[in-house]
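Inspection log for the structure reproduced underneath, given as structure tokens.
In our numbering, the protein residues as written are 103 to 1001.
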């Protein structure tokens, strides 16, 4: 409610009198209201005792009685699991009792049959039985893809199920409903309602337990993430590939030749450039070491920028030669040639309890493709915690095991080893695959037995900490090494890892690649796959930076406890962790505390972690031992003491321990007073707070590049080159130099960014999407379309998120679709006048000169061709949308002249 003038209002004021309210678990609702009221009263007393001037709680909040009164004043329905005798005759008279039966018998039998040849035979028998009882049956699955997959499975056992697009309610109420159907929806457990003659079967009862992922997203490319300028701020330096370094001054709407459009305003040393938004691909955010200020270029002196780029090309020549040697050494050695993706891989994938995201599918395909090639794989999979990296590793491990080879999974902590062990055992429980663990959680005798079985080949997958790198570890036939968070290992361990890379496929998983690894991946020395699509319902973690304050700590813990959750309190000093735990117990006596750290023995540590997992205490006070591996969906508040003492990647990893469910998660970084913080610590914390969207581990690594300086990683002699042109353009020049030495060149699509001058307004009005960052994101995504068809997917997404498309946005989408067509054909520029359109082709364009000459000879009044690779054709609007008509005419022309 508002109290700063004006009338107070609440949600109830926005509900019409005839609004129906449904109360699920009336007793639970009342208890939650009472708990919240107690919290408000406690805060009010505390603030008053500290002499804060605060408004009365009655001005800000309803009491429990007032909320219940507002609810009962309306038409209400109550849902309760337990039949409670009501004193209220009216409410009791309206009660409806529905008898439902569970499908426990079906799910139990089916799950015991998974992996056998007749896995669905019990389902056939049960359906026949229920059909004899007159029941209509509906399968409920999470997506259309799963619906089609289930339909195929059912046809294999002679069950013909119809896939319905309409809702389940429509089917239930239909007087002539189909006897066997498949519906898309979300249902954890199936049930039967005998009175209605109806049965629902969930996919969880047929397959493994399923979780749900979101609708289709376009795949993430490395280039898109590196070039992302959604966080571009006025005053930031940018690099235009043709004009050099300038200062971004915002988006400006201009009317040019009676055509409205958005333009990037870029100020140079001597002048100003307005760049049409469709040419967003021509600019990049300037990335070099933070604090280094580049010199602005001059639009009136283009030769200076040309000379700068030539100088950088000369500087990278020697480095390119060294990198070529690295390429060669990597590709000379031949690895094991695994099979391509087959039926067994598809069957294993069917038991994955999620719908794969596009990014995840791409990472899986790239990894298995690497394994099927002759070269030794060295792939980096980058993705946030919980985004599906482990499944990529599982698919690779399965492929390896199919060829009777062993898999080693190297992890930085014992807890992570246990976590992965459970995950791998669960995924392989239907296959004759043995999983073993080497870590200090096991005594010397158990580890010795594991080593013996690894050497004999009895163990197919061994998971371990640095113990895996000891000299006494011998494999019968190692085919794949998986490394989780390589940056957590020391120099000695990394030297041993290099020995593995000589003849074994290597797959590295990370949430935040260290800058050196990132740089090598950007240059192609290491292959990289990026998973940036979050699971459905996953929320960004709200991040707060604050000075240590007892009231803040108490409120944060109590808020989490009141919603039934748990907390982490990270204190990275073993010597005082018992004292801080005692202090927190005094501060929040309502909570139960225990502490854990890495110097505890396995006998001490494991019971504490398991107890926390079971919810037997509320707050785990710990060191960074929880940085990797603990998966606790019920833990959604993290407090980090002295956050200024941690590295950027480490803070990001720690924060990723919360927010593993659909609940809102919170992270509090407690620091000393700002004036006591070092400048780099301030930048790290600011970077982490600014990147609180999902899937930004890769972007965080780019930010780390800025803070630490790309030049430092490349060597002193290269740092000046990075400062001259920015990191992204430097990397592109270096990549071109490497390709030249190999006798190759950038693909036609990579080297062309078509310019299109049209007579229609094509932009995103600020009245349609006010947020400038959001508009920048959409402009960049539209400019990065790889195929014309993707434009319509983008249109559907924008319409779904922001409403019906204005004409200007429709024109923009058609324009960006048109540019993808031009890029593929090698067209550099298109100019449209009232009577004709002119195309300027790249010398590398795949045009057939003879076909062009034939066109000109056949219709010299309609077509003209000049020596500068410019081709003109007569063009007049036919009443269609100008850009759509231009697209169709261009498509027809290109079909006639391309090779």
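In this text, a Cβ means the ideal position worked out from N, Cα and C, and glycines have one as well.
No experiment lies behind these values; they were computed from the predicted model shown.
Per DSSP, reduced to three states, the secondary structure at residue 514 is coil, with no helix or strand assignment. Scanning its chain for C-beta atoms nearer than 6 angstroms, with the 5 sequence neighbours on each side dropped, one finds around residue 472 the residues 479, 481, in chain order.
Judged by DSSP in its simplified three-state form, residue 606 adopts coil rather than helix or strand.
For residue 439, there is no enclosing beta strand (DSSP E), since its DSSP letter is neither H nor E. For the stretch 472 to 514, the full-length alpha helix (DSSP H) segments reaching 4 residues or more read 491 to 504 along the chain. In this structure, residue 382 sits away from residue 340, with a CB-CB distance that is not shorter than 8 angstroms. If you check the CB distance, residue 698 and residue 682 do not come in under 8 angstroms. According to the DSSP assignment, residue 361 belongs to the beta strand (DSSP E) that extends over 361 to 369. Excluding sequence positions up to five before and after residue 114, its CB lies within less than 7 angstroms of the CB of 172, all in the same chain and listed in chain order. By the neighbour-count criterion, in which a residue is buried when 16 or more other Cβ atoms sit within 10 angstroms of its Cβ, residue 670 is buried. Nearest C-alpha to residue 288 among 307, 876, 300: 307. Cβ-Cβ separation between residue 556 and residue 575: approximately 7 angstroms, consistent with a contact (criterion under 8 angstroms). Within the same chain, 610 come within 6 angstroms of residue 588 by CB-CB distance, once the 5 residues on both sides are set aside. Looking at 346, 509, 907, the one whose alpha-carbon comes closest to that of residue 401 is 346. Between residue 745 and residue 645, the C-beta spacing is not below 8 angstroms.
Within the same chain, 512, 610 come within 6 angstroms of residue 585 by CB-CB distance, once the 5 residues on both sides are set aside. Counting only the Cα atoms, residue 613 lies some 25 angstroms from residue 828. In this structure, the CA atom of residue 386 is about 8 angstroms from the CA atom of residue 343. In this structure residue 504 is not in contact with residue 641, their Cβ atoms being roughly 38 angstroms apart against a cut-off of 8 angstroms. Residue 632 and residue 485 do touch by the CB rule: their CB atoms are close to 7 angstroms apart, below 8 angstroms.
Two segments are said to touch when three or more pairs of C-beta atoms, one from each, lie closer than 8 angstroms; by this definition the stretch 231 to 247 touches the stretch 279 to 288. By the Cβ neighbour-count rule, residue 885 is buried, with 16 or more other Cβ atoms within 10 Å of its own.
Around the CB of residue 564, 16 or more other CB atoms lie within 10 Å, so the residue is classed as buried. Rounded to the nearest whole angstrom, the C-alpha separation of residue 630 and residue 833 is 15 angstroms.
Of the candidates 990, 977, 942, 989, 942 places its Cα closest to the Cα of residue 967. Sequence-distant partners of residue 454 (beyond 5 residues in either direction) whose C-beta falls short of 7 angstroms from its own C-beta, in its chain, are 493. If you check the CB distance, residue 579 and residue 535 do not come in under 8 angstroms. Residue environment for residue 634: buried (at least 16 other C-beta atoms within 10 angstroms of its C-beta). Non-local beta-carbon contacts of residue 384 in its own chain, meaning distances under 8 angstroms to residues more than five positions away in sequence, involve 342, 343, 344, 377, 855 in chain order.
Residue 698 is bridged by DSSP to 724. With respect to the 8 angstroms criterion, residue 736 and residue 667 are classified as neighbours on the basis of their beta carbons. Residues of the same chain with a CB within less than 7 angstroms of the CB of residue 541, apart from the 5 flanking positions on each side, are 516, 519, 566, 567, 569 in chain order. Judged by DSSP secondary structure, residue 684 falls within the alpha helix (DSSP H) whose first and last residues are 679 to 689. Residue 652 sits close to residue 689, with the two beta carbons spaced by under 8 angstroms. Taking residue 418 as reference, the option from 445, 839, 850, 969 with the minimal CA-CA separation is 839.
Closest by C-alpha distance to residue 862, out of 252, 988, 125, 467, is 988.
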